[in-house]
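>
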Amino acid sequence: MSRKRDNPAGTAAPEVFARRSGFGPFQALQSRRNWFAINIALLIIAIVIPFKANNYVLEVLANAWFYVVLCLGLNIVIGYAGLLDLGYAAFFAVGAYTTAILTSQFGFNFWLTIPFAVIFATIAGIVIGGPTLRLRSDYLAIVTLGFGEITRIAARNLKITGGASGLIGIDRPNLFGLDLYQISHYYYVFLVLAVLACFVSYRLQHSRLGRAWQYVREDEDAAEAMGINRVMIKLYAYIIGAVFAGIAGCFFAAKMTAISPETFTFNQSVLILLGVVLGGMGKIPGVMIGAFALVLFPEVFRDIGAMRMLVFAVVMLIIMLYRPHGIWPEKRQ
Amino acid sequence: MSTLDIILQQLTNGLILGSFYSLVALGYTMVYGVIKLLNFAHGDIYMAGAFIGFTLLSFFAGTLGNGWLGILPAMVTAMIAVGLLGVLIQRVAYRPMLQAPRLSILITALAVSMILYNAVMAITDGEYKAFTVGLGFEGFNLGEVYITHTQIILVVSTAILMIGLYLFVGKTMYGKAMRAISIDKDACRLMGINVNKIIALTFFIGSSLATAAGVMAGVYYGSIHFFMGFVIGLKAFTAAVIGGIGSIPGAMLGGLVLGLLEAFGTQIPFIGSEWKDVFAFGILILLLVFKPTGILGRTEIERM
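Quick note, the sequences are listed as chains E and G, same order.
Count along the first sequence from 1, add 13, and you get the number used in the numbering used here.
Count along the second sequence from 1, add 835, and you get the number used in the numbering used here.
What follows is the structure in structure tokens.
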């Protein structure tokens, strides 16, 4: 019943009507051009902010862009392929620990660790996804949760990951002679990553693979009957999502210069999931807004502190009950 | 300790751990049976049950003492209270979502879990609560292994609850309706079964059993905390899968098997107790790969 309550026909119809009326293709072009202009304007604002803002604001915003990358990565798994992953922080951990271990213990250059992080994230994606993607979606959820915990417990008990206290002394990356150490540097790093993530997500969504995901998500059996190898398709989603998180993890480690297993808890996975769900699964701007809401909300409402997650959870429940596809969901064809 | 004593010791530990797992796993499996929902909040219901039991015990302890005479009424009232909480959760969060996409209802369940978890954390300030009970340590020796009466009582009460449930599901009309719903909900509706009522009843029973486990765990370990539900929720799910999800005897068996495996797993050289959670999840993953239907589960035929 609640699905009928959302998307009331009364609000959706005039919008569609307005778009259909006018000068047909010309109108469509214009609206696309508007859309483009808005994006460019937003990007310019994002680029000039560091000249005006203080370090606190930059820190928060850099964090927001960072979560945009993570949420877009998870969005590929959840929004595009329709797989519930509750251990996404594990991939993030793989990337962060790869960079941390390689730079602090083997003296690698930061940039050289990224390909390794990609490789390890891919392997992690295959190891976790391979056996479980054949299963029903709810089994997958709990297995990913289990794997997320295994990763954290392993990071806590292994010697190479520095045990419970984690690793320190991770090298700052150097970009064409410029040492990245200021918060404004990382603001730009994460901005670039976020823009890249948007671009990749967009291209993926409109690719052959993206359509296959959509098909599998909407009707797995029909998709398989049409010759789509659903296990492989899901595995691709899984691996690509893992790689996003892995790369984000590298830069996270570089920014923090110290990481500990407690960053990669179940709560972290839930936060990322929340960003995706809040904004609208499958819709890039929706997910970005979700990620921003995630980071800005606790900063704006600092007073509620410990109650933050409780409020988040209630919000999540209400959104699911009234808008099961998120605040700004993708239009389903 | 001789090998026989170690085996006996781990058998005792495994049985007790297994009893808790079984009771929680039953809730998973029953809910899964009737509405095919993986109830993420179940581990937190177990935790909430422990806390409500704790509160009620301090209430009853004033008049009845904190021995079994006080624990029993506290446990029973807690079971009823949390059972009703389960029904409420079902009514508010899950019933409107039954027709929604599977992903949405899973996320809803996750949200409920987070609400319970964070609410209890906020109420208790994230502190451990000491579950003070005056049960003493009387018991007897079996070889070199000392077994307390408390341990015996816990295992026996679990057995009683399970037998009760087994009879309820097997012999009464409600149980029959429950089994019928797990096969075909729409046909049940046509046959005049009040499906929503039976679903609510299932949540009631599942939550009560989890509460019983929560209170017993509090009594046995002596302290409770707000994150106690997370790991046991995962493990009880593992137990339900081991036994075959949807199967009630399977959940009972699966819990005991997992409890014993875990107890004996700590004896394997090179695997310390810090890895015991990894051990349980490893079993879950291997099982899902090689025998996803579990020990007693039926092979599910997916209809198009």
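The C-beta atom is built at its ideal place from N, Cα and C for all residues, glycine as well.
1. With a cut-off of 9 Å, does the C-beta of F277 of chain E fall near any C-beta of chain G?
2. Which word fits T838 of chain G, buried or exposed, when buried means at least 16 other C-beta atoms lie within 10 angstroms of its C-beta?
3. Tell me the DSSP secondary structure of T111 of chain E in three-state form.
4. Please classify L1121 of chain G: is it buried, with 16 or more other beta-carbons within 10 angstroms of its beta-carbon, or exposed?
5. With a 10 Å radius around its C-beta and 16 neighbouring C-beta atoms as the bar for buried, classify F975 of chain G as buried or exposed.
6. Is there a Cβ of chain E sitting closer than 9 Å to that of N1029 of chain G, yes or no?
7. Which first and last residues belong to the alpha helix (DSSP H) in which N67 of chain E is found?
8. Using DSSP with H/G/I as helix, E/B as strand and the rest coil, what is F39 of chain E?
9. Applying a beta-carbon distance threshold of less than 7 Å, which residues of chain E neighbour D1112 of chain G?
10. How would you call Q925 of chain G, buried or exposed, if buried means at least 16 neighbouring beta carbons within 10 angstroms?
11. Less than 9 Å between CB atoms is the rule here; does V327 of chain E satisfy it with respect to chain G?
12. Taking V980 of chain G as part of the beta strand (DSSP E), name the residues at either end of that continuous run.
13. Keeping to the same chain, check which residues put their C-beta closer than 7 Å to that of V1113 of chain G; ignore five residues upstream and five downstream.
14. Taking only beta carbons into account, state which residues of the region 132-158 of chain E come closer than 7 Å to chain G, listed in chain order.
15. Quick check on D192 of chain E: does DSSP put it in helix, strand or coil?
16. Could you name the residues of the same chain whose beta carbon sits closer than 7 Å to that of T847 of chain G, not counting the 5 residues immediately before and after it, in chain order?
17. Suppose you measure from the CA of V328 of chain E to the CA of F189 of chain E; what does that come to, to the nearest Å?
18. For G853 of chain G, which three-state DSSP category applies?
19. Specify the secondary structure class of I340 of chain E as computed by DSSP and reduced to three states.
20. Can you look up K1126 of chain G in the DSSP assignment and give me helix, strand or coil?
21. Between P274 of chain E and chain G, is the shortest Cβ-Cβ distance under 9 Å, so that the two count as touching?
22. With 7 Å as the C-beta to C-beta threshold (strictly closer), list the residues of the region 213-244 of chain E near chain G in chain order.
23. Can you give me, in chain order, the residues of the region 284-303 of chain E that have a beta carbon less than 7 Å from any beta carbon in chain G?
24. Kindly identify the DSSP beta-bridge partner or partners of G974 of chain G.
25. Who are the neighbours of L1119 of chain G on chain E, taking C-beta pairs under 9 Å?
26. Could you have a look at N76 of chain E and say whether DSSP puts it in helix, strand or coil?
27. In chain G, which residues lie less than 9 Å from P311 of chain E when you measure between Cβ atoms?
28. Of the choices G:L1093, G:A1048, G:F1038, G:H877, whose alpha-carbon is the least far from that of L951 of chain G?
29. Hey, out of E:V313, E:L287, E:V324, whose CA is closest to H338 of chain E's CA?
30. For the alpha helix (DSSP H) holding A885 of chain G, just list the boundary residues, first then last.
31. Tell me the rounded alpha-carbon separation between I887 of chain G and L1096 of chain G.
32. Per DSSP, what are the beta-bridge partners of N187 of chain E in this structure?
33. As a quick exercise: from G:G1132, G:G1041, G:H1060, G:I1059, pick the residue whose alpha carbon is nearest that of L858 of chain G.
34. By DSSP, does I1028 of chain G sit in helix, in strand, or in coil?
35. Which residues does DSSP list as the beta-bridge partners of K964 of chain G?
36. Do the region 295-311 of chain E and the region 204-216 of chain E make contact, defined as three or more Cβ pairs closer than 8 Å?
Per the coordinate set shown:
1. no
2. exposed
3. Helix.
4. Taking all protein chains in view, the Cβ of L1121 of chain G is surrounded by fewer than 16 other Cβ atoms within 10 Å, so the residue is classified as exposed.
5. Exposed, by the Cβ-count rule.
6. no
7. For N67 of chain E, there is no enclosing alpha helix (DSSP H), since its DSSP letter is neither H nor E.
8. Because the pLDDT of F39 of chain E is 49, which lies under 50, any placement of that residue in the model is unreliable, and the question is left without a value.
9. E162, I166
10. When all chains shown are included, Q925 of chain G counts as buried.
11. yes
12. That run of the beta strand (DSSP E) goes 980-983.
13. none
14. Here the close residues are P144, T145, L148, S150, D151, Y152, A154, I155, V156, L158.
15. strand
16. V980, I982, Q986
17. 44 Å
18. Residue state, collapsed to three classes: helix.
19. I340 of chain E falls in the coil class under three-state DSSP.
20. When DSSP states are grouped into helix, strand and coil, K1126 of chain G belongs to the coil group.
21. no
22. For the region 213-244 of chain E, the set of positions with a beta-carbon nearer than 7 Å to some beta-carbon of chain G reads D234 in chain order.
23. For the region 284-303 of chain E, which is checked against every Cβ of chain G, the residues closer than 7 Å are V290.
24. Paired residue(s): G:T983.
25. I155, V156, G159
26. Note: N76 of chain E maps to helix in three-state DSSP.
27. Chain G residues near P311 of chain E: none, gap ~13 Å exceeds 9 Å.
28. Closest in C-alpha terms to L951 of chain G, from the list G:L1093, G:A1048, G:F1038, G:H877, comes G:H877.
29. In this structure, E:L287 is the residue among E:V313, E:L287, E:V324 with its C-alpha nearest to the C-alpha of H338 of chain E.
30. 877-899
31. 30 Å
32. E:D192
33. G:G1041
34. coil
35. G:I1059.
36. yes
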